[in-house]
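Protein chains in written order, with my numbering: chain U, 1 to 293; chain V, 294 to 580; chain W, 581 to 847.
Heads up, the beta-carbon is just placed ideally off N, CA and C, and yes, glycines get one too.
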Amino acid sequence: MGASEIILQGKDLSYRYESSPESDLALDGLNITVKRGELLAVLGHNGSGKSTLAKHFNAILLPTGGAMYVAGMDTSDEDMLYLVRQTVGMVFQNPDNQIVANVVEEDVAFAPENLGVETHEIRKRVDDALKAVGMYEYREHAPHRLSGGQKQRVAIAGVIAMMPECIVLDEPTAMLDPVGRNEVLKTIKKLNSERGITIVLITHHMEEAAICDRVVVMESGRIAADGTPKEVFAKVELMKSIDLAVPQTIELIYRLRKRGLDIPLDALSVEECAEAIMSSLSTVGGGSHVRNY
Amino acid sequence: MSAIIKTENLHHVYGAGTPFERMALNNVNIEIERGEFIGLIGHTGSGKSTLIQHLNGLLKPSHGRVLFNGVDIWENIKRVREIRFKVGLVFQYPEHQLFEDTVYKDIAFGPSNMGFTKSEIDERVREAAEFVGITDEQLSKSPFELSGGQKRRAAIAGVIAMRPEVLILDEPTAGLDPAGREEILSRIRGYHEKLNTTVILVTHSMEEIAKNASRIIVMEDAKVRMTGTAKDIFSHADELESMGLAVPQITQVFLRLRNMGLDVDPSVYTIDQAEREIMEVRRKYDA
Amino acid sequence: MLKDITLGQYFPGTTSIHRMDPRMKLILTTAYIVVLFVAKGILSYMLLLAWLLTTVRLSRIKISVIFRGVRPLLFIISLTALLNMLYTPGRPALEFWILTITYEGIFVAIKMVSRIIMLITGTLLLTYTTSPIVLTDGLEQLLNPLKKLRVPVHELAMMMSIALRFIPTLIEEADKIINAQKARGADFETGSIFKRAKALIPLLVPLFISAFRRADELAIAMECRCYRGGEGRTSLRQLKYSSIDLKAMLFSVIVFTAVIVLRVLGI
Chain U
1 MGASEIILQG KDLSYRYESS PESDLALDGL NITVKRGELL AVLGHNGSGK
51 STLAKHFNAI LLPTGGAMYV AGMDTSDEDM LYLVRQTVGM VFQNPDNQIV
101 ANVVEEDVAF APENLGVETH EIRKRVDDAL KAVGMYEYRE HAPHRLSGGQ
151 KQRVAIAGVI AMMPECIVLD EPTAMLDPVG RNEVLKTIKK LNSERGITIV
201 LITHHMEEAA ICDRVVVMES GRIAADGTPK EVFAKVELMK SIDLAVPQTI
251 ELIYRLRKRG LDIPLDALSV EECAEAIMSS LSTVGGGSHV RNY
Chain V
294 MSAIIKTENL HHVYGAGTPF ERMALNNVNI EIERGEFIGL IGHTGSGKST
344 LIQHLNGLLK PSHGRVLFNG VDIWENIKRV REIRFKVGLV FQYPEHQLFE
394 DTVYKDIAFG PSNMGFTKSE IDERVREAAE FVGITDEQLS KSPFELSGGQ
444 KRRAAIAGVI AMRPEVLILD EPTAGLDPAG REEILSRIRG YHEKLNTTVI
494 LVTHSMEEIA KNASRIIVME DAKVRMTGTA KDIFSHADEL ESMGLAVPQI
544 TQVFLRLRNM GLDVDPSVYT IDQAEREIME VRRKYDA
Chain W
581 MLKDITLGQY FPGTTSIHRM DPRMKLILTT AYIVVLFVAK GILSYMLLLA
631 WLLTTVRLSR IKISVIFRGV RPLLFIISLT ALLNMLYTPG RPALEFWILT
681 ITYEGIFVAI KMVSRIIMLI TGTLLLTYTT SPIVLTDGLE QLLNPLKKLR
731 VPVHELAMMM SIALRFIPTL IEEADKIINA QKARGADFET GSIFKRAKAL
781 IPLLVPLFIS AFRRADELAI AMECRCYRGG EGRTSLRQLK YSSIDLKAML
831 FSVIVFTAVI VLRVLGI
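Structure below.
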């Protein structure tokens, strides 16, 4: 793996909040590497350190031990601060508290304005970013009249207008209803597949982690599991031991295996799960219990 | 048995006479019996928040009536405030309404508004705290020193302390992690079982509803579209999906199995049921 | 309800008034207010009213919408009218008990009321037809010369625009908290003034805490989007005067000069 393929790299990352006692580390010697173009979920319950890790990815927090590199830049290097922040955009949980302006397109223009981009280039970027998240026709609306999902997509557009290589989303769907959550998830999947933007999705919803290419599970400031969603969710006991649920499909197969059925523990989607159960039943005895039409 | 809560031809119009006029409730007729655990589901804007605010008299019907124990709650305007003590409403993100300097005082806010003596208030506060799992030590802390989940539970205790006959919770698990969600739900379940209080749980999560509610009310477009047991409701998977509501993942698996020709009950909605059902099919075969 | 407040509201549109440069709109509105206080005779008022109605007409803002904006201030307006009627000396028009209303008082009251309503309408028109951000941009540029005197012009403009952005959000939030506390039996409506003030604590404390939380999160979000003050900042909109601005300016200058001339002539 060449160095240029790596966008985020944390080496022995440690972080302690000033208010916490000496021994209480929010990040505890953590190593992580994210490649360009990855669609990665960081899963963990509250207090596992996942938000603290996210804040290291664009220098909101600086490690108290170890080092964090963004596209080869050390985030502790003050001269690189704005370059780091342009490279890695951040989207937060509450869309209301990250929208600055009163009109959608003016909010999207905020970052390029800060960066001193020329007026006609800002216009181009704003239109492009709004089209990328499917909010172009809302460009002249007031943000407070939009739905939660729409607001969050505006927030994502506001980050895209910086033309970042990577977007880190810190529980972007926690405050949304199912419709809004789907809008946001579709948008980030599309940005990843069509524009090749690296996505780091911080979440505690396993359904969201299941749509990513790779899942990193965090527990007490360390990485507890790292792999494809199938690999990670197959570790049912580990997931339960750290208070995380697994998808109902996996849970069912896990229980059936315990009862002696021979089903591989890697069916994540509804289709896969039904197929797996079906084939395990038919291998037992020629499928005579299956109704024929 | 007469209903504890009943609505008759309930209508509500927001912003009547302005360009923003919108009908939020359109002829809603529901009946809720004492001791039921109701799941109220529907997507944003379907009217469920407007409906629950009518049940405790925060909103006044544009047309139609809300009956509590058979009496129109707007019959005597001076007594509407008393209805709020009988029908306790926990709003979304209730921790945002904490304001006292100790958790104890915050939980006591409701009972003191009801005019109880100090010892009565004390009894209610401690009882409510126990139901939601707030310790004595936490009671003397500032609410702002608690964790997110603890704050949420303290806020719920603030409503439980009024000993309402009906407890309504608007998305009590929103924004919490799986452990926090389960903690809240099991506390509510325990409270319901112990006191047999009528509970109305508003949520987006079909899994939460499937696991807890004895009856489900589905709203769409300002109207009640379906009511029935989880089994009844989840057998209408297609209709639910056309309303933008998904049935639980496990129900989807069983619908799929049935379509593939397996002779299973498609209205399975919990993992326990699913496990039993599959083992049953297997036993049938082995025999 | 709280949600009905229209302060700082903007109605998007494409009329010539909407398209005018915000700087010109600010200058003309300021000039209009000054001239309104200079105006004396009925003729002057008629001229300014004509100017105002032409502008309202061109902006396609409905009169009913403007009335909604004036409504919250009706109490103050009526009070002003009443005091003027009672305390202006002159020929009595109406007498009852110890109160006397004079003809002069009625005249002054009418004048005061028209002046206030015309003043409010003029400023409402400015905010209704100009997006707050554009307005702030215009203000920032007009005040730019003050930067040399170390006045933090950009920061002030940013503060104003964020305040405007959060008005609807905070109103909505206050509404929610009021309802939540009412559900616990809070009573905001009855009792003595002292009791009512005390009843506001359950509303004000959560609102303050939420404002702090929002400020904290907003600051981080702004930093993440590379905000570092006004230096080197560009803008989505480049402000440019157009022919509409020239026409508006000429029209207004003629009307305003006429009013001043009438004042000098004492008509």
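Exercise. Tell me which same chain residues have a C-beta within less than 6 Å of the C-beta of threonine 520 of chain V, skipping the five on either side of it?
Worked result: Ile510
For this session: Report the residues of the region 75-87 of chain U with a CB closer than 7 Å to any CB of chain W, ordered along the chain.
Result: Tyr82, Arg85, Gln86
Problem set entry | Where the region 91-122 of chain U meets chain W: residues whose CB sits under 8 Å from a CB there | Phe92, Asn94, Asp96, Asn97, Gln98, Ile99, Val100, Ala101, Asn102, Val103, Glu105, Glu106, Ala109, Phe110, Ala111, Pro112, Glu113, Asn114, Leu115, Gly116, Val117, Glu118, Thr119, Ile122
Exercise. Excluding five sequence neighbours on each side, which residues of the same chain lie with their C-beta closer than 8 Å to the C-beta of leucine 244 of chain U?
Worked result: Leu43, Gly44, His45, His204, Met206, Val217
For this session: State the start and end residues of the unbroken alpha helix (DSSP H) segment that holds glutamine 431 of chain V.
Result: 429-432
Problem set entry | Within-8 Å CB hit, valine 546 of chain V to chain U | yes
Exercise. Where serine 279 of chain U and aspartate 262 of chain U are concerned, what is the direct C-alpha to C-alpha distance, given to the nearest angstrom?
Worked result: 10 Å
For this session: With a cut-off of 8 Å on the beta carbons, I'd call isoleucine 99 of chain U and alanine 155 of chain U a contact; round off their distance for me.
Result: 6 Å
Problem set entry | Cross-chain neighbours of alanine 630 of chain W in chain U, by beta carbon under 8 Å | Those do not exist, as alanine 630 of chain W stays about 32 Å from chain U at its closest Cβ, beyond 8 Å.
For this session: Could you list the residues in the region 237-263 of chain U with a C-beta less than 8 Å from some C-beta on chain V, going in chain order?
Result: Asp243, Leu244, Ala245, Pro247, Gln248, Thr249, Glu251, Leu252, Arg255, Leu256, Arg259, Leu261
Exercise. Per DSSP, what kind of secondary structure is threonine 660 of chain W in: helix, strand or coil?
Worked result: helix
Exercise. Quick one: what's got a C-beta closer than 7 Å to valine 179 of chain U's C-beta in the same chain, skipping five residues either side?
Worked result: Gly149
Exercise. Which chain V residues are close to alanine 766 of chain W, counting only those with a beta carbon under 8 Å from its beta carbon?
Worked result: Phe402, Asn406
Problem set entry | Of the residues W:Arg745, W:Ile824, W:Ile613, the one placed nearest aspartate 107 of chain U, counting alpha carbons only | W:Arg745
Exercise. Who are histidine 305 of chain V's beta bridge partners in DSSP?
Worked result: V:Leu318
For this session: On the DSSP bridge assignment, give the partners of tyrosine 69 of chain U in chain order.
Result: U:Gln9, U:Asp74
Exercise. Measuring CB to CB, does threonine 814 of chain W end up less than 8 Å from glutamate 105 of chain U?
Worked result: no
Exercise. Would you call the CB atoms of isoleucine 564 of chain V and leucine 252 of chain U closer than 8 Å?
Worked result: yes
Problem set entry | Buried or exposed (CB count within 10 angstroms, at least 16 for buried), leucine 25 of chain U | buried
Exercise. Which class does methionine 90 of chain U belong to by DSSP, given the choice of helix, strand or coil?
Worked result: strand
For this session: Tell whether a beta-carbon distance below 8 Å holds between cysteine 806 of chain W and methionine 90 of chain U.
Result: no
Exercise. In chain order, which continuous runs of the alpha helix (DSSP H) of length 4 or greater are located wholly inside the region 708-739 of chain W?
Worked result: 712-723
Exercise. Three or more C-beta pairs closer than 8 Å, one from the region 439-449 of chain V and one from the region 378-388 of chain V: is that the case here?
Worked result: yes
For this session: Evaluate serine 498 of chain V with the Cβ neighbour count: other Cβ atoms within 10 Å of its Cβ, from every protein chain shown; 16 or more gives buried, anything less gives exposed.
Result: buried
Problem set entry | Under the three-state DSSP convention, the category valine 133 of chain U falls into | coil
Exercise. Can the beta-carbon of proline 602 of chain W be found closer than 8 Å to that of leucine 819 of chain W?
Worked result: yes
Exercise. Cβ of leucine 281 of chain U less than 8 Å from any chain V Cβ?
Worked result: yes
Exercise. DSSP on asparagine 31 of chain U, reduced to helix/strand/coil?
Worked result: strand
Exercise. For valine 785 of chain W, which residues in chain V fall below 7 Å Cβ to Cβ?
Worked result: Phe392
Exercise. What does a CB cutoff of less than 8 Å around tyrosine 293 of chain U pick up in its chain, not counting 5 residues either side in sequence?
Worked result: Unreliable positioning characterises tyrosine 293 of chain U in this predicted model, as indicated by a pLDDT of 41, which lies under 50. A coordinate reading is not provided.
Exercise. Under the rule that 16 or more other beta-carbon atoms within 10 Å means buried, what is leucine 830 of chain W, buried or exposed?
Worked result: exposed
For this session: Could you tell me which of W:Glu753, W:Glu752, W:Asp717 sits nearest to leucine 736 of chain W, measuring between CA atoms?
Result: W:Asp717
For this session: Please compile the residues from chain W whose C-beta is within a distance smaller than 7 Å of the C-beta of valine 305 of chain U.
Result: Lying before the first or after the last residue shown, residue 305 of chain U is absent from chain U, which here runs from 1 to 293.
Exercise. CB-CB under 8 Å to aspartate 74 of chain U, same chain, minus the five flanking residues each way: which ones, in chain order?
Worked result: Ala67, Met68, Met80
For this session: Return no unless some Cβ of chain W is closer than 8 Å to the Cβ of asparagine 46 of chain U.
Result: no
For this session: Check whether the region 524-544 of chain V touches the region 352-360 of chain V, taking contact to mean three or more Cβ pairs, one atom from each stretch, closer than 8 Å.
Result: no
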